[in-house]
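Worksheet for the structure shown next.
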Amino acid sequence: MDKFAPFFSVVICTYNRSRLISRALDSLLLQTCKDWECIIVDDGSTDSTSEMIKPYLFHSTQIKYIHRLHHGVGVSKNFGIQASIGRYVTFLDSDDEYKNNHLAIRKQFLLKHPDTDLLHSNAEIIGNQYVLDKTNLSSAIAIENCIISGTFVLRKNSIDHDDCFHNFYSDDSAFFEKFSSKNKVIRKINSPTYIYHRNTENSICTTMLNNCFN
73 MDKFAPFFSV
83 VICTYNRSRL
93 ISRALDSLLL
103 QTCKDWECII
113 VDDGSTDSTS
123 EMIKPYLFHS
133 TQIKYIHRLH
143 HGVGVSKNFG
153 IQASIGRYVT
163 FLDSDDEYKN
173 NHLAIRKQFL
183 LKHPDTDLLH
193 SNAEIIGNQY
203 VLDKTNLSSA
213 IAIENCIISG
223 TFVLRKNSID
233 HDDCFHNFYS
243 DDSAFFEKFS
253 SKNKVIRKIN
263 SPTYIYHRNT
273 ENSICTTMLN
283 NCFN
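Per our numbering, the sequence shown starts with residue 73, numbered consecutively.
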């Protein structure tokens, strides 16, 4: 790993989130920890997302923007991981945000526990508190009992070539289950500094819930 590489690579995958991506980027720029790069992977947006991002690219060399054909969020996450150069890879959904000490808390923890392969945490949930149970799509479970990939911090050199995200519901837990089956060092901290917005129009989870129960 390049000794000049940033501590964090923050991967933001977006698709037609022109009204919301500024909130995510502003929360990143307000981080007390500045040791990061940001890779925005635009999954073929057809709205004005690219125009909203231009001012951020002009003012910050830490932010990179990649526009690709539409392949789905899982493929976009994998592409962002491949393009990253940081010691650790983490995520920020384009309709979510960080509290301003989010990265600082995780950096402090990881410096104390450098053998950690995957760090995750709970989150602050705004909106619908439930998601579909992947084992029974006619029922729902509380998000507080779920794995949320937005809170993942992955040590870059511990990610194997077959550690990848896929484009299906509950892929967060599927990735986590596969990663944990490899005897990786996984730790969880009680630090709900990731703000997970569930009231976003056309959110995948919210849409599936509404279709199931309405």
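Virtual Cβ for every residue (Gly too), placed ideally from N, Cα, C.
| Check | Outcome |
| --- | --- |
| Considering Cα atoms alone, identify which of D187, I111 and I213 is closest to I157. | I111 |
| Which residues in the same chain have their Cβ closer than 7 Å to the Cβ of N194, if we skip the five residues on either side of it in sequence? | E216, N262 and P264 |
| Between the C-alpha atoms of A155 and N172, what's the straight-line distance to the nearest angstrom? | 25 Å |
| For a test of the three-state rule: what should DSSP assign to V257, helix, strand or coil? | coil |
| Count the other C-beta atoms from every protein chain shown that fall within 10 angstroms of the C-beta of F224, then say buried if there are 16 or more, exposed otherwise. | buried |
| What first and last residue would you give for the beta strand (DSSP E) that runs through F80? | F80 to T86 |
| Suppose you measure from the CA of K149 to the CA of T162; what does that come to, to the nearest Å? | 10 Å |
| Among all the DSSP beta bridges, which residues are the ones paired with K136? | I111 |
| Using 10 angstroms around the beta-carbon of S253, count the other beta-carbons present and answer buried if the total reaches 16, otherwise exposed. | exposed |
| Which residue or residues does DSSP assign as beta-bridge partners of V145? | V145 is not bridged to any residue. |
| Suppose the cutoff is 6 Å on Cβ atoms and the five residues either side in sequence are ignored; what does the same chain contact list for R95 look like? | E169 |
| Quick one: what's H192 bridged to in DSSP? | K260 |
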